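Take a look at the structure below.
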Amino acid sequence: MLHLKDVSLWYKIPLRVAALVIVTASVLASVLVYRSINDLRDNLTANATQVGRLVADTLVEPIMHDDVWRAFEVVNLPFRSMPNQASDQSAEYILVLDTNNKVYVSNKPDRFPMMSAPAISEPSIATYLKTPAQPWPDELAVVDAPASNALFLLTPIKADGVRIGTLVMNYSKTPFAIRLRSLARDAIVITLLVLAALLPLGVYWGNRMAAPLLDLSNAMSKIGPHLPDPAEIRLEESKDEIGLLAKSFKAMLGELKEKEQLQQQVITSDRLAALGRLAAGVAHEINNPLGGMLNAISTFKRHGEQDPITLKTLSILERGLLQIKETVAALLVEARAQTRPFDLNDVADICTLVQPDTEKKQIDFTREIDLVEAQPISSTLVRQVIINLLLNAFHATQPHGHVHLHIYRDSEYLFVDVINDGSHIPQDKVSYLFEPFTSLSEGGSGLGLWVIYQIVQQLGGLITVQSEPDKTQFTVQLPLEGSHE
Amino acid sequence: MANYLRRCLWLLLLAPLAQAAETAPLPPVRIGLTPVFLDDQATFVNAWRTYLESHLKRPVTFVQRGSYRETVDMLREGKLDFAWVCGYPYVRNQNYFRLLAVPLYKGEPLYQSYIIVPASDKQTRSLNDLRGKVFAFSDPDSNSGHLYPEYLLARINETAASYFSKTFYTWSHRKVVEAVAAGLAQGGAVDGYVWDTLVFSHPELTGKTRIIAESPQFGHPPFVANRSVSPKLFKDMQKALLNMVHDPDGSPLLAILNLDGFVYGDPHLFDGIAEMFQFIENQRNASSQRR
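In order, the protein sequences belong to chains Y and R. Using this note's numbering, you'd call the opening residue of the first sequence number 791 and step up by one each time. Using this note's numbering, you'd call the opening residue of the second sequence number 876 and step up by one each time.
Shown next, in the form of structure tokens:
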């Protein structure tokens, strides 16, 4: 079963706004109708009371003089003032009763003949007219006769404080009811008009209000094992609470993303460190027996006579062992003691050294050296790093390609950027790029980047790679001595 | 010589004064009106006053009062010069009043009293059927609106008080018609001339009433003069009224009045009224003697 709280805000907010509008409009309309009816009733009563007192006062003399005709003219006056006008403020009929509650005169003599009992013609008055023992109210009174569709206004006619008769004014409730109906109808029509104008507006506003929440909700639902790119999340920028929430959400997403990248980096560097330790361990273990074996071969070759076959075999063994030694030496990168600071001569040397490679592939090799003096960092290692990076770049670049070297520094670090426009490194290979024997091409040993990584690590620096089609950039960041420690 | 001169001087001084006295406006002629005709037509009354002023060559004031008695009393007291009253007060005050002129209605100086009932009442045939009912009189001093029905009742040894359950005065013939039309009274006595005139001006009112009895002809309510009125004014006024029928300004007024003119009246015209009055007086005296 669909529960209201489970309904989407997309419907809920407009529905609630609509409900609020309807309730407000209805309450307002009802209050206005109620007020109008009360005003109408008050007006009627005030008007009737005024007319009643006036007529009662005017009747005193005709009754005292038993002047029936004058009395008749007086009770006819309220009617003569507006002939042919069915006003809901005028009495239906007017009776003047004598002290015995018999009709003295009325404005409807056909209905209430003189000296008749009014209850005969109008049974609803009977209850108020039982006997003279139950007199009419001594003061002016408005009686709402539930039995009949009428209001009675009873006004005593007094001469010098003595009651000489009673004025009975009958007001039909029918015009009142008609007025009520027309008022209610007007109110309903106006309410509907207001609703017709406000409801679409309310629904529109409701939707406007719901939209950012729904966007946020959708964005949140996208967070899973893989974080979405913050650039893909489109949320409305505003300074209200929802806007702030969206902003916080974006910030959170950014932080999560950063954390994820950091984790990735930690995993990578941990793995590389473990590999380094493993390689170093293996290298040491191999180097010891290897040194012994090479010494033994050397000694054997120097002493005694050897037949050519043995010499050839020993030579093969020695070459193999030397290859192992080279490989192990390459794996076991060791930062040697510092020789001298890195300066512009080193840069010139590097350029000279790589010149054959550039010429072979006719590569457009550009340089941008933002250094003027010697830098407090080992020239040997930096040269090794730069040469390795450049050779890799030349290798990756197509003939007639472009490679750019940029060396610069800030207060703490020396930066080396090597940019080439060769084939780009797929994202899934970047994580394993610095591991040994990870070759991107057929010809490489798979140890070039490993060596660079080991040197950079040992110098306490960072190496990063950004690769996209037509642009692969390696950036090495090396701390400068003195400023670092 | 000095005396003569002084006299001439006096004459010179007084001459303009005497002249001023001669041209000073005469006091207005005061004429009392009663509801023996439709006296509630202010426009007509104003036009009639203008007519009389132009013929009498002096201002005229019409005085209207709530009852015949007030007008009659004012005439007796000399507060009025003339009055148009009912034949009944005339015969009772013949010693004080002089007959000035009598209206001509349907070519005769006569009129009738009508007994009327509401048109919705189809049963009532005569006054005999109205016993115990509410009855409307016009004025206690009216012949057609009071004396005649009283006379009819006296003929059968009754009085209005004993015969009807309730009676009241409306103080005008027109209002008797209204009272009966509205059903306030189940019967009423009205001046026949007024009722006939109302048929033209207010047919919706007379249409709600029905005539059940017509009286014999009586002398039409006359114009009477106070006995102290100067013979000249009496003559002028008589002439002004009698000439109305020949006057281009007067005849339209007569048309509104529904009259054919005015004639010198004969006091004997009102003998019928006097007889009825006498009959009732005798009856009353007889009954008080019996008591």
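The beta carbon of each residue, even a glycine, is placed where N, CA and C say it ideally should be. This one's a predicted model, so the numbers in the text were calculated from it and none came from an experiment.
Asked: Buried or exposed, going by whether 16 or more other CB atoms sit within 10 Å of the CB of N960/Y?; Found: buried
Asked: Should K920/Y be labelled buried (16 or more other beta-carbon atoms within 10 Å of its own) or exposed?; Found: Residue placement at K920/Y cannot be trusted, given a pLDDT of 49 that sits under 50; the coordinates are not used to answer.
Asked: What are the complete beta strand (DSSP E) segments, minimum 3 residues, inside the region 969-1026 of chain R?; Found: 972-979, 988-993 and 1009-1012
Asked: Do V865/Y and V845/Y come within 8 Å of each other at the CB atom, strictly closer than that value?; Found: yes
Asked: Relative to chain Y, which residues along the region 1036-1050 of chain R have a C-beta separation below 8 Å, given in chain order?; Found: S1040, K1041, F1043, Y1044, T1045, W1046 and K1050
Asked: Measuring only the C-alpha atoms, how far is R1085/R from A994/R?; Found: 5 Å
Asked: Excluding five sequence neighbours on each side, which residues of the same chain lie with their C-beta closer than 7 Å to the C-beta of A1164/Y?; Found: P1131, F1132 and D1133
Asked: Using three-state DSSP, classify Y1139/R as helix, strand or coil.; Found: coil
Asked: Taking the alpha-carbon positions, what's the D856/Y to V1055/R distance?; Found: 18 Å
Asked: When we look at the beta-carbon of G1136/R and count the other beta-carbons within 10 Å, is it buried (16 or more) or exposed?; Found: buried
Asked: Output needed for L979/R: all residues of its chain with C-beta closer than 7 Å, excluding positions within five of it in sequence on either side, in chain order.; Found: L1134, D1135, G1136, F1137 and V1138
Asked: By Cβ distance, which residues of its chain are closer than 8 Å to Q1244/Y, with the 5 residues on each side in sequence left out?; Found: G1066 and V1123
Asked: Looking at the strands, I want to know which residues DSSP matches up with V904/R.; Found: V935/R
Asked: Taking Cβ-Cβ distances shorter than 9 Å, what residues in chain R pair up with V858/Y?; Found: V1009, A1011, K1041, T1042, F1043, Y1044, T1045, A1054, L1059 and A1060
Asked: Taking the straight line between their C-alpha atoms, what separation do you get for S1163/R and E1156/R?; Found: 10 Å
Asked: Please identify the residue among P1123/R, S1017/R, F1154/R and R1006/R whose C-alpha is closest to the C-alpha of Y926/R.; Found: P1123/R
Asked: Take every Cβ of the region 1015-1022 of chain Y, pair it with every Cβ of the region 1033-1046 of chain Y, and state whether three or more of those distances are shorter than 8 Å.; Found: yes
Asked: Using the beta-carbon count (16 or more within 10 Å), is N1018/R buried or exposed?; Found: buried
Asked: On the DSSP bridge list, what partners appear for M959/Y?; Found: I884/Y and L943/Y
Asked: Given N874/Y, which residues of its chain have a CB within under 6 Å of its CB, disregarding the five upstream and five downstream residues?; Found: Residue placement at N874/Y is poorly supported in this model, since its pLDDT is 45, which falls under 50; the coordinates still yield a value, given next. Contacts found: none.
Asked: Spatial neighbours of V1172/Y within its chain, please: C-beta separation below 6 Å, excluding the five flanking residues on both sides.; Found: F1132
Asked: Given a cut-off of 8 Å on the beta-carbon distance, is the pair F1224/Y and L1239/Y in contact?; Found: yes
Asked: For the region 1085-1097 of chain R against the region 943-957 of chain R, are there 3 or more C-beta pairs whose distance is under 8 Å?; Found: no
Asked: Along the chain, where does the alpha helix (DSSP H) containing A1115/R start, and where does it finish?; Found: P1106 to L1117
Asked: DSSP three-state call for D1260/Y: helix, strand or coil?; Found: coil
Asked: Between the Cα of I1197/Y and those of S820/Y, V1206/Y and R1109/Y, spot the shortest distance and give me the residue it belongs to.; Found: V1206/Y
Asked: Taking 8 Å as the CB-CB cut-off, is Q1164/R touching chain Y?; Found: no
Asked: Using a C-beta cutoff of 8 Å, does D934/Y count as contacting chain R?; Found: no
Asked: Measuring only the C-alpha atoms, how far is M1010/Y from L985/Y?; Found: 36 Å
Asked: Run down chain R in chain order and give the residues with a C-beta less than 7 Å from the C-beta of P899/Y.; Found: A1057, G1058 and L1059
Asked: Return the CA-CA distance between F862/Y and V1009/R, expressed in angstroms with no decimal places.; Found: 14 Å
Asked: I'd like to know if F862/Y contacts chain R, where contact means its C-beta is closer than 8 Å to some C-beta of that chain.; Found: yes
Asked: Could you tell me the distance, in whole angstroms, from the CA atom of K1041/R to the CA atom of G962/R?; Found: 26 Å
Asked: With a Cβ-Cβ cutoff of 8 Å, do L1270/Y and L1179/Y count as a contact?; Found: no
Asked: Can you tell me which of A940/Y, L941/Y, K948/Y and E912/Y puts its alpha carbon nearest to the alpha carbon of E929/Y?; Found: K948/Y
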